[in-house]
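Reading through the structure tokens given below for one structure.
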Amino acid sequence: MDLLAHLATGFSVAATPINLLYALVGCLLGTLIGVLPGIGPVATIAMLLPATYALPPVSALIMLAGIYYGAQYGGSTTAILVNLPGESSSVVTTLDGYQMARQGRAGPALAAAGLGSFFAGCVGTLLLAAFAAPLTEMAFAFGPAEYCALMVLGLVGAVVLASGSLLKAIAMIILGLLLGLVGTDVNSGLARFTMDTPELADGIGFVAVAMGVFGYGEIITNLAKSGEDREVFTAKVQGLMPTREDLRQMMPSVLRGTALGSVLGVLPGGGAVLASFAAYTLEKKIKLKAGEVPLGQGNIRGVAAPEAANNAGAQTSFIPLLTLGIPPNAVMALMVGAMTIHNIQPGPQVMTVNPELFWGLIASMWIGNLMLIVLNLPMIGIWIKLLTVPYHYLFPAIVLFCAIGVYTTNNATFDIALVAAFGLAGYVFYKLGCEPAPLLLGFVLGPMMEEYLKRALKLARGDWSVFITRPLSAALLLVALILVLMVLLPAVKSKRQEAFVED
Amino acid sequence: MSIKSEKDFASGVMFIATGGGFAWASATEYTIGTASQMGPGYFPLVLGLILSMLGAFILFFSLVVETPDGGKIGGFAWRPLLCILGANLAFGALLGGLPSIGLPSMGLVVATVALTVIAAMADETAFQIRRVLVLSTILAGGSYGIFIALLGLTMPVWPAFLAV
Chain A
1025 MDLLAHLATG FSVAATPINL LYALVGCLLG TLIGVLPGIG PVATIAMLLP
1075 ATYALPPVSA LIMLAGIYYG AQYGGSTTAI LVNLPGESSS VVTTLDGYQM
1125 ARQGRAGPAL AAAGLGSFFA GCVGTLLLAA FAAPLTEMAF AFGPAEYCAL
1175 MVLGLVGAVV LASGSLLKAI AMIILGLLLG LVGTDVNSGL ARFTMDTPEL
1225 ADGIGFVAVA MGVFGYGEII TNLAKSGEDR EVFTAKVQGL MPTREDLRQM
1275 MPSVLRGTAL GSVLGVLPGG GAVLASFAAY TLEKKIKLKA GEVPLGQGNI
1325 RGVAAPEAAN NAGAQTSFIP LLTLGIPPNA VMALMVGAMT IHNIQPGPQV
1375 MTVNPELFWG LIASMWIGNL MLIVLNLPMI GIWIKLLTVP YHYLFPAIVL
1425 FCAIGVYTTN NATFDIALVA AFGLAGYVFY KLGCEPAPLL LGFVLGPMME
1475 EYLKRALKLA RGDWSVFITR PLSAALLLVA LILVLMVLLP AVKSKRQEAF
1525 VED
Chain B
2 MSIKSEKDFA SGVMFIATGG GFAWASATEY TIGTASQMGP GYFPLVLGLI
52 LSMLGAFILF FSLVVETPDG GKIGGFAWRP LLCILGANLA FGALLGGLPS
102 IGLPSMGLVV ATVALTVIAA MADETAFQIR RVLVLSTILA GGSYGIFIAL
152 LGLTMPVWPA FLAV
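So the protein lines, in turn, are chains A and B. Numbering-wise, the first sequence is residues 1025 to 1527 according to our numbering. Numbering-wise, the second sequence is residues 2 to 165 according to our numbering.
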């Protein structure tokens, strides 16, 4: 069988003792750096990349895979413990993860994130090995119109993330899209909305927005409350591991998340970003069992599903990277950088010209996943200890790591000022009851959406009906429409009930 | 007509202003183009218009729909706001220096101490200068150890006039 032969090739390259050691070291380093609040996977990999220059290509990629998984898990850890998403995909993890931590259930949340990721990673690896070639063709079936429709669907899904006003959530998405457009326009080379600030020519950094709006906004909000009301962790920490009940609850979510993530991850350009959002949206739509906490208030499903989707997506996003040469996100872009440093040109030829490397890389991704579980499940107890540090010690440290993390991504003082501006914005958003999660998704998708919209309409000679005449695009938009109606209907119904009561 | 929800009223104003700003800038400064040949102003103009329209809706509803508590915004927490953002800005200015006001780069250590002290002032009740100085020393040492010694990041560590 091809599948087994491929995997055997991969593991024979990747699973040598020395490579396993590199995977372990990478994972350890990645976790330790990634867990610092304010420093997400992108910053971590960028910082640790030079450490892999001296290694042979396969070992270097294996170590990078370890760093990647470690950093990603580290990012989820800070998302859960201190409400700081290190990258776009862990934005969703903050929603329920942080709530769980506040209720003293940080341990199960961390374990759910780890176990969900591991399971998804295993499935992703198998899928990658079995379907790399046919899945590539599916990616080809997606034209610009389909991508546009997919993004509309993703953005509509983001509305579901917000628990408050629907109109405000949509407005926040649009504001995010607009903020994402700041910087040089790829087509005309014009610097848009930069107010003649050269530092803004490259656009606003994701890290600056995330740290400012989530990190600083949260800290200021917390400090504004008097000592007793402060939303830190007053609840007793109950158990480090998930209970049997937790596991039973999260298992179906992990499966759903994995399936969604695997499919969306294949689409180049943002599929993997959408995966975690889509998985969360799906979980929110599934009926609550009796006695279950609603999503957004600390439900373990809200942690397990997006984490699984994210990891499955990360795994299958190697398909566009290795077959089309398109990196689907910033982390993968760094991996491409690392590959080119080692004289490997990503693209369709890797699979045929360099099969050991291709399958070795896939196997190493799985090994990185495994190391993560081996390393991190025992460490959950240590991370929980972080929560017992008094807040007056913790918050200056978080501010410091945010500032350093932002500075190191571009080595620019300007970015630090930018975080301050977004910190102010974050506090204002909180005061006005506007939720920031949809803003961040819009921000990530803004430039991509403009690009695909432009291309789709150019190909259709300016005819907007292209979005409904192409079946795949029409189907995606239909699903988006149904989603909007599903969100709207209960609101309309309750409004009408209110009206009846008043009568 | 009175404001029924302060929060929504202010959000509406905010969205109208930002949306309008983006739309105005796109329309006046960049080429709009047509749907088949979109200029750099097309997409932001459309988004800006939608945003201000949504803002107008939110504003309208804030004047019409009753909210239980009047959607009060409440006072701003100026002290934490200014301290946290100020600490952050001071860190940036001290780390890289600000040539425009003749401030030389003071390096990571000085910047860390300044950030910690200013940030800690955000919490009046728990502020004790000795404790804060101990914390700042630990953080300065720790970040030197992690970022400079271990990761070898290039950023100024000591004030520029001390380094020869």
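Using N, Cα and C, we set each Cβ at its ideal position, and we do this for glycine too.
Counting only beta-carbon separations shorter than 9 Å, does Met-1403/A have a partner in chain B? With 9 Å as the cut-off, Met-1403/A does not count as an interface residue toward chain B.
Could you pull the start and end residues of the alpha helix (DSSP H) that Thr-1055/A belongs to? Annotation for Thr-1055/A: the continuous alpha helix (DSSP H) segment containing it runs 1041-1058.
Work out the CA separation of Ser-1114/A and Ser-1300/A for me, nearest whole Å. For Ser-1300/A and Ser-1114/A, the distance between alpha carbons rounds to 8 Å.
Residue environment, Trp-159/B, which counts as buried when at least 16 other CB atoms sit within 10 Å: Taking all protein chains in view, the Cβ of Trp-159/B is surrounded by fewer than 16 other Cβ atoms within 10 Å, so the residue is classified as exposed.
Can you name the start and end residues of the alpha helix (DSSP H) that Met-1219/A belongs to? Element bounds for Met-1219/A: n/a, residue is neither H nor E.
Starting from Asp-124/B, trace the alpha helix (DSSP H) both ways and give me its first and last residue. Premise fails: Asp-124/B is in no alpha helix (DSSP H) and is neither H nor E.
Taking only the alpha-carbon atoms, compute the straight-line gap between Tyr-1415/A and Ile-1422/A and give it to the nearest angstrom. So the two alpha carbons sit approximately 10 Å from each other.
So if I threshold CB-CB distances at 7 Å, which residues from the segment 1066-1079 of chain A count as touching chain E? In the displayed structure, chain E is absent; the protein chains listed are A and B.
Leu-1079/A vs Thr-1101/A beta-carbon contact at 9 Å: Cβ distance not < 9 Å, so Leu-1079/A and Thr-1101/A don't count as in contact.
Quick test of your reading: Val-1327/A and Ala-1136/A, contact by CB under 8 Å. State the CB separation rounded to the nearest angstrom. About 5 Å separates the two Cβ atoms, so the contact holds.
Mind pulling the alpha helix (DSSP H) runs of 4 or more residues that sit fully within the segment 1385-1454 of chain A? Fully enclosed alpha helix (DSSP H) runs of 4 or longer: 1404-1410, 1415-1434.
C-beta atoms of Ile-1091/A and Leu-1151/A nearer than 9 Å: Cβ atoms of Ile-1091/A and Leu-1151/A: not closer than 9 Å.
Hey, is Cys-1172/A's beta-carbon within less than 9 Å of any beta-carbon in chain B? Judged by the 9 Å Cβ criterion, Cys-1172/A is not in contact with chain B.
When you compare only the Cα positions, how much space is there between Ile-1310/A and Gly-1281/A? Within the model, the alpha-carbon separation for Ile-1310/A versus Gly-1281/A is close to 13 Å.
What residues in the segment 1189-1207 of chain A bring their beta carbon closer than 7 Å to a beta carbon of chain B? Of all residues in the segment 1189-1207 of chain A, the ones placed with a Cβ closer than 7 Å to any Cβ belonging to chain B are Leu-1191, Lys-1192, Ile-1194, Ala-1195, Ile-1198, Leu-1199, Leu-1201, Leu-1202, Leu-1205, in chain order.
Tell me whether Met-1219/A is buried or exposed, calling it buried when 16 or more other Cβ atoms sit within 10 Å of its Cβ. Classification of Met-1219/A: exposed, given that the 10 Å Cβ count is below 16.
I need the straight-line Cα distance from Gly-1145/A to Gly-13/B, nearest angstrom please. Using only the alpha carbons, I get a separation of about 43 Å.
Proximity of Leu-1477/A and Cys-1172/A at Cβ, strictly below 9 Å: In this structure, Leu-1477/A lies near Cys-1172/A, with their beta-carbon atoms less than 9 Å apart.
Chain B contacts made by the segment 1210-1224 of chain A, where a contact means CB separation under 8 Å: Sequence-ordered contacts of the segment 1210-1224 of chain A with chain B read Asn-1211, Ser-1212, Leu-1214, Arg-1216, Phe-1217 [C-beta pairs closer than 8 Å].
Could you check how far apart the C-beta atoms of Gly-1470/A and Leu-1202/A are, in whole angstroms? I think they sit under 8 Å. The C-beta distance from Gly-1470/A to Leu-1202/A rounds to 7 Å, short enough to fall under 8 Å.
Does the beta-carbon distance from Thr-1437/A to Met-1071/A come in below 9 Å? A distance of 9 Å or more separates the beta carbons of Thr-1437/A and Met-1071/A.
Of all the alpha helix (DSSP H) runs that stay within the bounds of the segment 1448-1494 of chain A, which reach a length of 4 or more residues? As summarised for the segment 1448-1494 of chain A, the continuous alpha helix (DSSP H) elements at least 4 residues long and confined to that stretch are 1460-1483, 1490-1493, given in chain order.
Listed from N- to C-terminal order along the chain, which residues in the segment 40-56 of chain B have their beta-carbon within a distance smaller than 9 Å of any beta-carbon of chain A? Within the segment 40-56 of chain B, the residues whose Cβ lies closer than 9 Å to some Cβ of chain A are Gly-40, Pro-41, Gly-42, Tyr-43, Phe-44, Pro-45, Leu-48, Gly-49, Ile-51, Leu-52, Leu-55, Gly-56, listed in chain order.
Below 9 Å between beta carbons: does that hold for Ser-1286/A and Glu-1307/A? Not a contact, by the Cβ cut-off of 9 Å.
Can you tell me the Cα-Cα spacing of Asp-1270/A and Asn-1323/A, whole angstroms? Approximately 9 Å, taken between the alpha carbons.
Can you tell which of Ala-1461/A, Met-1403/A, Glu-1475/A has the C-alpha that lies nearest to the C-alpha of Asp-1120/A? Ranking Ala-1461/A, Met-1403/A, Glu-1475/A by Cα distance to Asp-1120/A puts Ala-1461/A first.
Who pairs with Leu-1496/A in a beta bridge, going by DSSP? Paired residue(s): none; Leu-1496/A is not in a bridge.
Note down, in chain order, every chain B residue with its Cβ under 9 Å from the Cβ of Trp-1383/A. Going along chain B, no residue has its Cβ under 9 Å from Trp-1383/A, so there is no contact; the nearest lies around 32 Å.
Distance, Phe-44/B Cα to Ala-24/B Cα: Whole-angstrom Cα-Cα distance: 9 Å.
Is Ser-144/B near the ligand PLP, with its Cβ less than 8 Å from a heavy atom? Annotation note on the ligand PLP: not contained in the displayed structure, which lists no ligands.
Mind checking which residues open and close the alpha helix (DSSP H) that includes Ser-1100/A? Counting along the chain, Ser-1100/A sits inside the alpha helix (DSSP H) bounded by residues 1081-1106.
Taking C-beta pairs closer than 7 Å, name the residues in chain B that Leu-1477/A reaches, listed in chain order. Simply Phe-44.
Within 9 Å, strictly: CB atoms of Val-1147/A and Ala-1336/A: With contacts defined by Cβ atoms closer than 9 Å, Val-1147/A and Ala-1336/A form a contacting pair.
If you measure from the beta carbon of Gly-1022/A to each beta carbon in chain B, is any gap under 9 Å? Given a span of 1025 to 1527 for chain A in the structure shown, any question on residue 1022/A remains unanswerable.
On a Cα-Cα basis, can you pick out the residue from Val-1490/A, Gly-1320/A, Ala-1232/A, Ser-1036/A that is closest to Ala-1441/A? In terms of Cα proximity to Ala-1441/A, the closest of Val-1490/A, Gly-1320/A, Ala-1232/A, Ser-1036/A is Ala-1232/A.
Starting from Ala-1421/A, find everything on chain B with Cβ-Cβ shorter than 7 Å and list it in chain order. By Cβ distance, chain B contributes Leu-140.
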